[in-house]
Each structure stands twice: as structure tokens, then as C-alpha cells.
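Have a look at the structure below, then the notes.
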Amino acid sequence: MRVLITGGSGLLGRALVGVFSRDHSIASPAHAEMDITDPRRVREVIEEFQPDRVIHAAATPDVDRCEQDPDAAYRVNALGAQHVALACGEGDIPLVFISTDYVFDGAQRIPYTEFDETRALNIYGRAKIAAENAVRTFCRKHYIIRSAWLFAPWGKNFVMDTLARLRRGDTVRAVSDQYSSPTSAIDLAEAIVRLVAQSDYGVYHLANPGILSRYEMAQAICRAARLDESLAQPVNAAEVKRFAPRPAFTALRNYRLELIGQDFMRPFEKALTDCVAQL
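Per the working numbering, the very first residue in the sequence shown carries number 1147; after that it's consecutive.
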């Protein structure tokens, strides 16, 4: 299978490239080769490579930056996805679009399923909702993948940053009143490989089972690395100065996978242990 991956240098993109390259022919064009805000270039690259699947992971992921520059957020995260969806739709190519837990407002206190209504609190989430709608509209064969709080043994992410600070003996103050489902980028990539091998299109939640705050994540990192848990200290979200609002609860339930008996996402603790062991 020929697979084109956008955003291949990002946190998830790196995992996708590694996993798909084992058994498939892949292309992962850099931004200079495929600017997703240029619809003509998007179409040209896809037509040249002639992929069997396109995985659109390129995005501006900085939530605060999106809030400060909404135009750039919508241009890249919404219109960029629309350009990819249009090109895939015209070529009848199945598209995998990577979305986020931030499409939800956090008002409920049970994990969100694929059938819950989206309502974002910030620009990043709203742009992703717009992107999801564009994918549905312009590409009939689509997988919309929502995940949350990605981590990996590379790149900029909470686990990497927290572990480095803990190993220096620094105290880590982490938010204790916002919850989600932290997910291994490697596990997510492996799940996407399995999912795209079939043609059951639609919206999927793919997250490592578990409901944690950042503070509880920090405690789990301490345990996995055999460090003093007292180095992790709780702080309320209201005490942390951030430009964009964050929802209080965006844990995800892999409900569609459960319904078809294929929830192959392993628990958060096992994924974290493997990640920490590589650092």
C-alpha cells in the first residue's frame, strides 16, 4: 500500500512514518514540498504520488498560539484540512484525518464517545471541528481520528519535559483539575495501521484507556521512573496563566471499537512504562 503522510516530522507524524514504513511504501513531504495552505500544490503532490491512503497529521498544535492568531489557526488547521480532503475526494482516496479531544467543551463527567456533540472552548478546537466538517463534506471515504494528550519518547510533550525535570530533582507543578486520556503516539500509530486496513469509515476515538489529570500523569511518571512522587505537586488550572481556555474533562471512550469488538488500545500505564523505559 502507498501511504502519504502529512506532518511527518511532528510528534505523531514520526510515529506514523515509523510504523507504516515497515510494510508500506510511504511519502512524507516536508512543508516546503507540500504547503497544505496551497490547494494547487496539495493536489499536485497527491496526484504525483498516487497514494492508496492519505494520513493528514499536519497542523498547528499549539493551543495558546492558535488563540492568539486565529487567522493562522483556521488557515492551517481548517482550510489546510479542507484542501487535503478535496484532493482526496477528487481522487477517491481514503483519508485519515487526525483530530483532537478539544472538540469537546468538557461539560460532562463521563468519557466522550464518537456520538457526543462537539462544542469547543478554544480556537484550536473550533478549527478542528471545521476541519472535521470539511473532511465529511469533501471526502466520502474518511476516517476521523480523535485522540488526546499525546506523548512519545521524542519531541516536545508532557512526558519528555516532566521526566527531564524530575530527573534533575526539580519539583513539577501540574494541573490537577483538568482530565483527559493521555495516549502514546506509537500506540495511536499502530492502531491507525490496523484501522485503515479495513474500509469501515467514520469517526473513531483512539486513546489509551485511562482518565488522568496532568498531576496524576506526573505521579505516574515518577512511579514508572522510580522517582520520588513528592516531586509532583498539584496546582489548580486557574493558577496557571495560559492564553487559551482548556476544557475541564475530555476523556475519550473508544466506543466504536468496543461496539465491533476491536478495542486494541492498551491501558495508559503500560504505554507510559514503555515510553519511560526508552528515555
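Backbone N, C-alpha and C fix where the C-beta goes; we use that ideal spot for every residue, glycine too.
Given the structure is predicted, the values throughout are model-derived calculations rather than measurements.
Taking 7 Å as the cut-off, decide whether the C-beta atoms of V1165 and S1174 are in contact.
The residue given as residue 1165 occupies position 19 in the sequence shown. The residue given as residue 1174 occupies position 28 in the sequence shown. No, the Cβ-Cβ distance between V1165 and S1174 is not below 7 Å.
So A1277 packs on A1203, CB below 8 Å; how close in whole Å?
Here residue 1277 is taken as the residue at index 131 of the sequence shown, counted from 1. Here residue 1203 is taken as the residue at index 57 of the sequence shown, counted from 1. Contact flag wrong, Cβ pair sits at about 12 Å.
Tell me the DSSP secondary structure of F1304 in three-state form.
Within the sequence shown, the letter at position 158 stands for residue 1304. F1304: helix per DSSP, three-state reduction.
On the CB-based measure, 16 or more other CB atoms within 10 Å of its CB, does D1217 come out buried or exposed?
Residue mapping note: residue 1217 aligns to position 71 of the sequence shown, counting from 1. D1217 comes out exposed.
Do A1390 and D1210 have their C-beta atoms within less than 7 Å of each other?
Here residue 1390 refers to the residue found at position 244 when the sequence shown is read from its first residue. Here residue 1210 refers to the residue found at position 64 when the sequence shown is read from its first residue. In contact: A1390 and D1210 (Cβ atoms closer than 7 Å).
May I ask you to list the residues that DSSP assigns as paired with F1297?
Locating residue 1297 in the sequence shown gives position 151, where the first residue counts as 1. S1330.
Name the DSSP bridge partner or partners of Q1379?
Counting from one through the sequence shown, the residue named residue 1379 turns up at place 233. Answer is R1319.
Excluding five sequence neighbours on each side, which residues of the same chain lie with their C-beta closer than 8 Å to the C-beta of P1197?
In the sequence shown, residue 1197 corresponds to position 51, counting from 1. Taken in chain order, the residues that qualify are R1148, V1149, L1150, A1173 and I1239.
Compare the C-alpha of D1323 against each of L1312, E1375, N1382 and C1368 and name the closest.
As a working note, residue 1323 is residue 177 in the sequence shown. Taking only the C-alpha atoms, the option nearest D1323 is N1382.
If F1395 and R1255 are in contact, beta carbons under 8 Å, what's the gap, nearest whole angstrom?
Along the sequence shown, one-based indexing puts residue 1395 at 249. Along the sequence shown, one-based indexing puts residue 1255 at 109. Contact flag correct, Cβ pair sits at about 6 Å.
What is the residue span of the beta strand (DSSP E) that A1173 lies within?
The residue given as residue 1173 occupies position 27 in the sequence shown. Taken as a continuous stretch (DSSP letters only), the beta strand (DSSP E) holding A1173 covers S1171 to A1173.
Less than 8 Å between the CB atoms is what I'm expecting for V1222 and T1264, so what's the real figure, rounded?
Walking along the sequence shown from the start, residue 1222 turns up at place 76. Walking along the sequence shown from the start, residue 1264 turns up at place 118. Not confirmed; about 19 Å, so no contact.
For A1370, collect the residues of the same chain with a Cβ closer than 6 Å to its Cβ; drop the 5 residues on either side in sequence, then sort them by chain order.
Sequence index remark: in the sequence shown, residue 1370 carries index 224 (1-based). Around A1370: L1418, T1419 and V1422.
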